[in-house]
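Chemist: I'd like to ask you about the structure that follows.
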Amino acid sequence: MIRELFRWIRVHRQQLGHLRHIGVNLTGQSLTSPGFVRELQALMSHPPLPPEVFCFEITESAAISDLELSRSCLNELRTLGCHVAIDDFGTGVQSFERLKQLPFDLLKIDGSFVRNALHIDSDYQLVRASVTIAHAFGAEAVAEYVESPAILACMKELGVEWVQGNLFGKAAPIEWLTRSGPWPT
Numbered sequence: 005m006i007r008e009l010f011r012w013i014r015v016h017r018q019q020l021g022h023l024r025h026i027g028v029n030l031t032g033q034s035l036t037s038p039g040f041v042r043e044l045q046a047l048m049s050h051p052p053l054p055p056e057v058f059c060f061e062i063t064e065s066a067a068i069s070d071l072e073l074s075r076s077c078l079n080e081l082r083t084l085g086c087h088v089a090i091d092d093f094g095t096g097v098q099s100f101e102r103l104k105q106l107p108f109d110l111l112k113i114d115g116s117f118v119r120n121a122l123h124i125d126s127d128y129q130l131v132r133a134s135v136t137i138a139h140a141f142g143a144e145a146v147a148e149y150v151e152s153p154a155i156l157a158c159m160k161e162l163g164v165e166w167v168q169g170n171l172f173g174k175a176a177p178i179e180w181l182t183r184s185g186p187w188p189t
């Protein structure tokens, strides 16, 4: 998938000058595969865009059987200038242990808490605590599922640095990045 993404970016690079971030999901299984790690390292030796554009995301609950290989791979990506995110924070059972084990720059707070933060006090408190945890690790907080101006204002109030969700546009095929015209709503 990453090889195909890089190929596509190279073909359309001139039209992508505006891109500042591209998130790439990694599975725990891929991070513990020596073959995958070697291929990823080879791809990142000549990326189609500056390394700091890429953010590699690993779900907090991902099963990682070889923690040392995973940590080494993620540290190498960060050394190149890439970002690493822990995705879906708050939904796994090893939350704090995982944070101690893996290097990361962004903590993505699961949308199930964000979308209800205005109406359910425990969800609000979980988002607030997650932001505090992200900052304690020197990371930035990302709120998923920001779907209204009110939720956006709440996330800003809580100190969330990044947001994503339908308020800014619905998910769309990658080809939309090369189109002129409005993003799908």
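The working numbering runs 4 ahead of the 1-based position in the sequence shown.
Glycine residues also receive a C-beta, built at the ideal position from the N, C-alpha and C atoms.
So, at 8 Å on beta carbons, what are the nonlocal neighbours of G32 in its own chain, with the 5 sequence-adjacent residues on each side left out?
Modeler: Within the same chain, G32 has close Cβ partners I62, T63, A66, A67, I68, S69 and S74.
Chemist: With distances taken Cα to Cα, identify the nearest neighbour of G142 among V118, L111 and K160.
Modeler: If we check each option's Cα against that of G142, L111 comes out closest.
Chemist: Measure the alpha-carbon distance for L44 versus H25 and round it to whole angstroms.
Modeler: The straight-line gap from Cα to Cα measures roughly 18 Å.
Chemist: Leaving out the 5 sequence neighbours to the left and right, which residues in its chain are closer than 7 Å to T36 when beta-carbon positions are compared?
Modeler: These residues qualify, in order along the chain: I68, S69, D70, L73 and S74.
Chemist: Out of V164, L84 and T95, which one is the CA nearest neighbour of P55?
Modeler: P55 has its Cα closest to that of L84, out of V164, L84 and T95.
Chemist: Considering only the beta carbon of each residue, do I113 and A145 sit closer than 8 Å?
Modeler: Against a cut-off of 8 Å, the Cβ pair of A145 and I113 comes out as a contact.
Chemist: Between the Cα of D109 and the Cα atoms of N120, H16, S126 and L78, which residue gives the shortest distance?
Modeler: Comparing Cα positions, the closest option is L78.
Chemist: Check whether the Cβ atoms of V118 and G163 lie closer than 8 Å to each other.
Modeler: No; because the gap between Cβ atoms is not below 8 Å, this pair is not in contact.
Chemist: For E151, collect the residues of the same chain with a Cβ closer than 8 Å to its Cβ; drop the 5 residues on either side in sequence, then sort them by chain order.
Modeler: Cβ within range, chain order: R119, G169, N170 and L171.
Chemist: Report the CB separation of R7 from L47 in whole angstroms; it is logged as a contact under 8 Å.
Modeler: Going by Cβ atoms, the distance from R7 to L47 rounds to 6 Å, so yes, they are a contact pair.
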